[in-house]
Amino acid sequence: MAGTGRTEIDFSVYNPFDIEFIKDPFPTLDRMVSEYPVAYHTGINAWLISPHDLVMDALREPRFSTRMSDWKDSPPVKPEPEWTLHDRVGQYSLLFVERTEHLRLRRLTNPAFSRRVMDKIEANIADAIAGIFDEIENPREFNVATDIALKAPVRSIARMVGVPPEAAELFEHGLGWNSVRAGNPMYSAAEREQFAHDTLPGLQYILDMVAARRAAPDGPGDDFIGTLIATEEDGERLTDMEIVSLIQGLVVAGADTAVDVHTMAVHALLAHPGQWALLRARPELHESAVLEILRWGAPGKFGGIPRFPLADTEFDGQLLEKGSFVMPLFSPAWNDAAKWPEPRRFDITRDHSGNIIFGAGPHLCIGLNLVKVQAKLMIEEFERRFGDTAKLTGEIEYDPLHFNARRMTRLMVATGA
Ligand code: HEM
Numbered sequence: 007m008a009g010t011g012r013t014e015i016d017f018s019v020y021n022p023f024d025i026e027f028i029k030d031p032f033p034t035l036d037r038m039v040s041e042y043p044v045a046y047h048t049g050i051n052a053w054l055i056s057p058h059d060l061v062m063d064a065l066r067e068p069r070f071s072t073r074m075s076d077w078k079d080s081p082p083v084k085p086e087p088e089w090t091l092h093d094r095v096g097q098y099s100l101l102f103v104e105r106t107e108h109l110r111l112r113r114l115t116n117p118a119f120s121r122r123v124m125d126k127i128e129a130n131i132a133d134a135i136a137g138i139f140d141e142i143e144n145p146r147e148f149n150v151a152t153d154i155a156l157k158a159p160v161r162s163i164a165r166m167v168g169v170p171p172e173a174a175e176l177f178e179h180g181l182g183w184n185s186v187r188a189g190n191p192m193y194s195a196a197e198r199e200q201f202a203h204d205t206l207p208g209l210q211y212i213l214d215m216v217a218a219r220r221a222a223p224d225g226p227g228d229d230f231i232g233t234l235i236a237t238e239e240d241g242e243r244l245t246d247m248e249i250v251s252l253i254q255g256l257v258v259a260g261a262d263t264a265v266d267v268h269t270m271a272v273h274a275l276l277a278h279p280g281q282w283a284l285l286r287a288r289p290e291l292h293e294s295a296v297l298e299i300l301r302w303g304a305p306g307k308f309g310g311i312p313r314f315p316l317a318d319t320e321f322d323g324q325l326l327e328k329g330s331f332v333m334p335l336f337s338p339a340w341n342d343a344a345k346w347p348e349p350r351r352f353d354i355t356r357d358h359s360g361n362i363i364f365g366a367g368p369h370l371c372i373g374l375n376l377v378k379v380q381a382k383l384m385i386e387e388f389e390r391r392f393g394d395t396a397k398l399t400g401e402i403e404y405d406p407l408h409f410n411a412r413r414m415t416r417l418m419v420a421t422g423a
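First residue of the sequence shown? That's 7 in my numbering, and the numbers climb one at a time after it.
Structure below.
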């Protein structure tokens, strides 16, 4: 039975827009884990879940849906005749489709995200990352946040998808950043509608690109898009619209989230010279280093995909009502001392088994190999160019209004370049 008292909190306990929280969230994260493991936030109108093991349970919980229409306050859907290409593509989103459909989409998309395909495109991504470093105006002193971190994720996705250079701008801004903004609750409904409208040329471009590859006389090829087109399971294949939706989903889920891995990597490694030296001596630690950079950096303010209980559900002694908004929080879970001994110690040799850095269960991050590859390539390029000389300088500044990340806007480094 659920306990009698409902645990409620408000912005006085958890305010992810408070600059003091953004600069140093860790006392608040500890408090969430120990005092408010499952609590209803009356300012956000959502249940927040914080300890590592409970977040893991929530991510795997079959009684929680991610379909927007299962939320009791879900916004009304436009009538079908008014749908734009943006609305139609949204119907196939991995994040929000119903469970059986989600399983089918994941089965058909997983081969395109395998290490095999990623290894094939690693050289393209390395080239994109080197290009970003070449663009740094003053390599002797520069801002990692704007000169590297903002550019690397969306350009990596473009290289993964195989967008040709002449369409790079259309993909990066026309489709990429407009898609991210169209889903950003900090903008008004009218602004979001405008951003959605501005994605249309980019979406149409991708739709045409997929159709052309499908019709190519020598077959679709074995790169990322070719693999998506060719994958067949039990006689089923992805449709063109499903592939376009997936690519837009990658931009929405991956262009903004992965920005922080680059700033946090430079911050964490330069602030811990012993760990930086260890990584340079033992490159096989790169994968573990990326997990530790994210865990220690704790960039997220909220969670990933919201969950909506399909029926009234008891969870850790609280009654989560049917259709309520449930948010498993990642940053407190990644710093929960019950899972991570001495959580504030940055240690790239830490045992990360059982981690939920990229989630767990059916919605496990589909872009995790891309994140690991792009972060490794950025760190290697940084080391090649500035390894022995780079130093952090000045104060770190953050964007207090970013809706989901403790986003650095200024991370200055001085180098001997
Ligand atoms: C530092 C970077 C990233 C982190 C920490 C991260 C983390 C996560 C987490 C925790 C989830 C699960 C969310 C949940 O179940 O609530 C997730 C899902 C997802 N991620 Fe990532 N991610 C990152 C970058 C990316 C990138 C670069 C891409 C695409 C190229 C991507 C694509 C996705 C997609 C499509 C999903 C939803 C999968 C599904 O619903 O089946 N992510 N990510």
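Just so you know, even glycine gets a beta-carbon here, dropped at the ideal spot from N, CA and C. All values reported here derive from a predicted model rather than from experimental measurement.
**Study point:** For glycine 232 and alanine 339, the rounded distance between their alpha carbons
**Key:** Note on geometry: alpha-carbon atoms of alanine 339 and glycine 232 lie some 37 Å from one another.
Review point. By Cβ distance below 6 Å, which residues in the same chain neighbour lysine 382 in space, the five residues on each side in sequence not counted?
Key: Taken in chain order, the residues that qualify are His292.
Check your understanding: In or out: glutamate 290 buried (at least 16 other Cβ within 10 Å) or exposed?
Key -> Glutamate 290 comes out exposed.
Review point. From Gly400, Thr415 and Phe177, pick the residue whose C-alpha is nearest to that of aspartate 204; which is it?
Key: Comparing Cα-Cα distances from aspartate 204 to each of Gly400, Thr415 and Phe177, the minimum goes to Phe177.
Check your understanding: isoleucine 131 and isoleucine 154 look like a contact to me (Cβ under 8 Å); what is the Cβ gap, rounded to whole Å?
Key -> About 14 Å separates the beta carbon of isoleucine 131 from that of isoleucine 154, a gap too long to meet the 8 Å contact definition.
Practice item. Could you say if the segment 265 to 284 and the segment 408 to 422 meet the contact criterion of at least three C-beta pairs nearer than 8 Å? Key: The segment 265 to 284 is in contact with the segment 408 to 422.
Review point. Should the segment 56 to 76 be regarded as contacting the segment 351 to 371, the criterion being three or more beta carbon pairs within less than 8 Å?
Key: Result yes; three or more Cβ-Cβ pairs closer than 8 Å.
Review point. Is threonine 48 near ligand 1, judged by its Cβ being under 6 Å from some heavy atom?
Key: For ligand 1, not one heavy atom lies less than 6 Å from the Cβ of threonine 48.
Check your understanding: Can we count glycine 373 as close to ligand 1, meaning its CB is less than 6 Å from some heavy atom?
Key -> In this structure, glycine 373 has its CB closer than 6 Å to one or more heavy atoms of ligand 1.
Point to revise | Classification of lysine 378 by the beta-carbon crowding that lies within 10 angstroms, buried from 16 upward | key: Buried, since its Cβ has 16 or more Cβ neighbours within 10 Å.
Point to revise | Endpoints, the beta strand (DSSP E) within which proline 334 is located | key: Judged by DSSP secondary structure, proline 334 falls within the beta strand (DSSP E) whose first and last residues are 332 to 334.
Check your understanding: Relative to ligand 1, is the shortest distance from any of its heavy atoms to the C-beta of threonine 237 smaller than 6 Å?
Key -> No - ligand 1 has no heavy atom lying nearer than 6 Å to the Cβ of threonine 237.
**Study point:** Beta carbon of leucine 181 nearer than 7 Å to that of valine 95
**Key:** Judged by beta-carbon spacing, valine 95 lies beyond the 7 Å limit of leucine 181, meaning their Cβ atoms are not closer than that value.
Check your understanding: Where does glutamate 197 land, buried or exposed, given buried means 16+ other C-beta within 10 angstroms?
Key -> Sixteen is the threshold: since fewer than 16 other Cβ atoms of the shown chains lie within 10 Å of the Cβ of glutamate 197, the residue is exposed.
Point to revise | Cβ-based burial, histidine 179 [other Cβ within 10 Å; buried from 16] | key: So histidine 179 ends up on the exposed side.
**Study point:** Minimum C-alpha distance to aspartate 342 - residue among Gly11, Tyr20, Pro368 and Ala304
**Key:** Each of Gly11, Tyr20, Pro368 and Ala304 was checked against the Cα of aspartate 342, and the nearest Cα belongs to Ala304.
Review point. Can you tell me whether glutamate 67 is buried or exposed, with buried defined as 16 or more other CB within 10 angstroms of its CB?
Key: Per the 10 Å Cβ criterion, buried.
Practice item. Using only the heavy atoms of ligand 1, determine whether one of them is closer than 6 Å to the beta carbon of threonine 263. Key: True, at least one ligand heavy atom lies under 6 Å from that Cβ.
**Study point:** Alpha-carbon to alpha-carbon, alanine 129 and histidine 47
**Key:** So the alpha carbons of these two residues sit roughly 45 Å apart.
Practice item. Inspect the beta-carbon positions of valine 150 and alanine 261 and report whether they are closer than 7 Å. Key: Against a cut-off of 7 Å, the Cβ pair of alanine 261 and valine 150 comes out as no contact.
Check your understanding: Excluding sequence positions up to five away, which residues of its chain have a Cβ less than 8 Å from the Cβ of threonine 106?
Key -> None.
Check your understanding: What are the residues that DSSP puts in a beta bridge with phenylalanine 314?
Key -> Beta-bridge partners of phenylalanine 314 (DSSP): Ser71.
Check your understanding: Which residues does DSSP pair with threonine 319 in a beta bridge?
Key -> Looking at the DSSP output, threonine 319 sits in a beta bridge with Leu326.
Exercise for review: Indicate the three-state DSSP secondary structure (helix, strand or coil) for leucine 407 in the structure shown.
Suggested key: Three-state result, leucine 407: coil.
Check your understanding: Out of curiosity, what's the CA-to-CA distance linking proline 406 and alanine 344?
Key -> If I take the Cα positions, the gap works out to 30 Å.
Exercise for review: May I ask whether a heavy atom of ligand 1 can be found less than 6 Å away from the beta carbon of isoleucine 28?
Suggested key: Taking 6 Å as the cut-off, one finds no heavy atom of ligand 1 near enough to the beta carbon of isoleucine 28.
Check your understanding: Taking the Cβ atom as the reference point for each residue, do threonine 72 and alanine 45 lie within a distance shorter than 7 Å?
Key -> Cβ atoms of threonine 72 and alanine 45: not closer than 7 Å.
Review point. CA-CA distance, alanine 295 and valine 257?
Key: Pairing alanine 295 with valine 257, the inter-Cα distance amounts to about 24 Å.
Exercise for review: Would you be able to state if there are at least three C-beta pairs under 8 Å between the segment 49 to 56 and the segment 324 to 334?
Suggested key: Judged by Cβ distances under 8 Å, the segment 324 to 334 makes contact with the segment 49 to 56, as three or more pairs qualify.
Practice item. Indicate, with yes or no, if ligand 1 has a heavy atom lying under 6 Å from the CB of valine 267. Key: Valine 267 Cβ: within cutoff of ligand 1.
Review point. Serine 99 and glycine 241: beta carbons closer than 7 Å?
Key: No, Cβ-Cβ distance for serine 99 and glycine 241 is not below 7 Å.
Review point. Going by DSSP, which residues form a beta bridge with alanine 52?
Key: DSSP lists His47 as partners of alanine 52.
Review point. Is any heavy atom in ligand 1 found nearer than 6 Å to the beta carbon of glycine 280?
Key: Outside the cutoff, so no.
Point to revise | Sequence-distant residues of the same chain with beta carbon closer than 8 Å to alanine 252, five excluded per side | key: Checking the displayed sequence, the identity of residue 252 turns out to be leucine instead of alanine. Closer than 8 Å at the Cβ level, and outside the excluded window around leucine 252, lie Tyr98, Leu100, Leu111, Thr115, Leu234 and Leu244.
Exercise for review: Check whether the Cβ of alanine 411 lies closer than 6 Å to any heavy atom of ligand 1, and answer yes or no.
Suggested key: No; taking the cut-off as 6 Å, the Cβ of alanine 411 has no heavy atom of ligand 1 nearer than that.
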